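Here the structure comes first, spelled out in structure tokens, and everything after it is commentary.
Rendered as structure tokens:
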């Protein structure tokens, strides 16, 4: 059963019972009031007639008594509303009965006991379906002798009609009030209860289908607003739990990827270590023999150029193998207070050796608010060398490298180093992969893709992190965050790096 129907039945039942009780009380009061009026009217008429007949002898002057009754009787009332019967001294009905109006049938008593008639008597008389109020009053002579009895009867039919009309009005009012109340209850419950409940049901359905960001507006009804507030709180908690689960799931996936990646890197490290042993010896033989032949041949011989190519390519192989070995097995880091400016300038000098004097020059600008740092010197040098080599590779027309160091605004024990060049920048599609091992945008033979990956590992050994500034325009910008005093040190390697 709908809540509006329940409200209507409950309130209508209460209203009907209250109205019926009120109606019964009102009808009783109205009947009592009308009966008092009729009683007073009947008493007055009976007293007037009894007093009038006191000066007439009932046995004589029938015609004059009839005229007297007609003169005393009130006019303008409906038939059979007022009736008069006259009884003699013995209580027998005399032929002087009088009905005001249409005389259908005059109710009377066959005989009135004289002992009763000696005083005034009032009673209700039923004649078939009609009901009358009777007042009997004695007619006394001037010497106070009983001459007869006059009976005044007033029909109660007008009272019953008035009461019946009053009851019909009450019923009509009750029905009209119940109808209006039903419409009012329906409208109130619809706008204040049914519609908010329907919205709450729809919101619950959407929440169940995954719309976790759904929130309901308050309805203005205090009780429902409390429910809506709890619903919104539940939706928020579910959303937070869902986000937490998604975050945990993402972390789990990333952890699984990291574990697989770690296994892969371990395998690559073992392979690189083995390749170093297998390739190192013949590579040293090839390089040594080529250098020996190059030293014996005159400079103008055509074969010297080929020998130089052999030596140069051997060195490239050696360098690549050395990077693989550095990647697989790094020596233990040794932390000390070092000059940041010294390391940067040394790295820049090493990288400038790759430039020809005829190439466009690359400048470096330093703004080091923090000049010293607790770090591993070789590791920090390798960070800047790898970053600068990438910059030198893209700044073919010259350019500028800017390095800035300062304390972190959020943590005074943290040092921020920004490395920025004004080169072409990194394409958007490659920004998420630049720290992956073996990923490179250089041509075949120009890069191994291990530079930035090694930079990341070294920064992590220093208990810091490196990020690419995605908002940088017109160049590449890295942000390196390092602790001023790392609390731990790098792990020692178990296998020594093989010599090539």
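Numbering (the working numbering), first residue to last: 92 to 591. Positions of the beta carbon are idealized from the N, C-alpha and C atoms, including for glycine. Quantities reported herein were computed from a predicted structural model and do not represent experimental measurements.
Counterpart residues of residue i in DSSP-defined beta bridges
i	result
residue 454	491
residue 224	215, 245
residue 568	511
residue 556	572
residue 229	240
residue 463	430
residue 176	242
residue 505	574
residue 498	506
Neighbourhood of residue i by C-beta, 8 Å cutoff - its chain only, sequence neighbours within 5 removed
i	result
residue 488	451
residue 264	110
residue 547	526, 557
residue 330	303, 304
residue 88	With the chain running from 92 to 591 in the structure shown, residue 88 is simply not present.
Cβ shell of residue i (< 6 Å), same chain only, five flanking positions each side left out
i	result
residue 327	none
residue 493	456, 511
residue 153	A caution first: residue 153 carries a pLDDT of 49, below 50, which makes its placement in the model unreliable, though a value can still be read off. Same-chain partners within the cutoff: there are none.
residue 236	none
residue 568	511, 560
residue 573	506, 553, 555
residue 172	246
Any non-hydrogen atom of the ligand ATP closer than 7 Å to residue i Cβ
i	result
residue 406	With respect to the ligand ATP, the structure offers nothing, as it holds no ligand at all.
Close-in-space but distant-in-sequence residues of the same chain around residue i (CB under 7 Å, 5 per side omitted)
i	result
residue 480	442, 542
residue 485	514, 515
residue 438	472, 475, 476, 479
residue 104	none
residue 288	none
residue 459	431, 432, 496
Distance CB(residue i)-CB(residue j) smaller than 8 Å
i	j	result
residue 405	residue 381	yes
residue 232	residue 213	no
residue 242	residue 227	yes
residue 246	residue 277	no
residue 230	residue 141	yes
residue 239	residue 179	yes
residue 508	residue 466	no
residue 464	residue 431	yes
residue 505	residue 575	yes
residue 563	residue 522	no
residue 250	residue 125	yes
residue 577	residue 554	yes
Closest Cα partner of residue i within the set the options
i	options	result
residue 435	410, 180, 495	495
residue 302	293, 321, 309, 308	293
residue 252	121, 181, 228	121
residue 444	469, 126, 483	483
residue 284	101, 316, 259	316
residue 291	319, 270, 311	319
residue 108	219, 182, 266	266
residue 456	129, 490, 127, 305	490
residue 413	371, 297, 237	371
residue 571	385, 549, 564, 114	549
residue 518	499, 566, 504	566
residue 271	338, 102, 503	102
residue 468	427, 503, 323	427
residue 375	344, 408, 348, 391	408
residue 311	182, 378, 279	279
residue 307	332, 299, 453, 321	321
residue 211	185, 133, 269	133
residue 304	289, 332, 425, 139	332
residue 379	499, 399, 144	399
residue 323	497, 254, 309	309
residue 118	397, 259, 135, 394	259
residue 295	362, 325, 346	325
Could I get the ranges of all uninterrupted alpha helix (DSSP H) runs contained in the stretch 276-357, with 4 residues as the minimum, in chain order?
286-299
Which runs of the alpha helix (DSSP H) fall wholly inside the stretch 104-134 and span at least 4 residues, in chain order?
none
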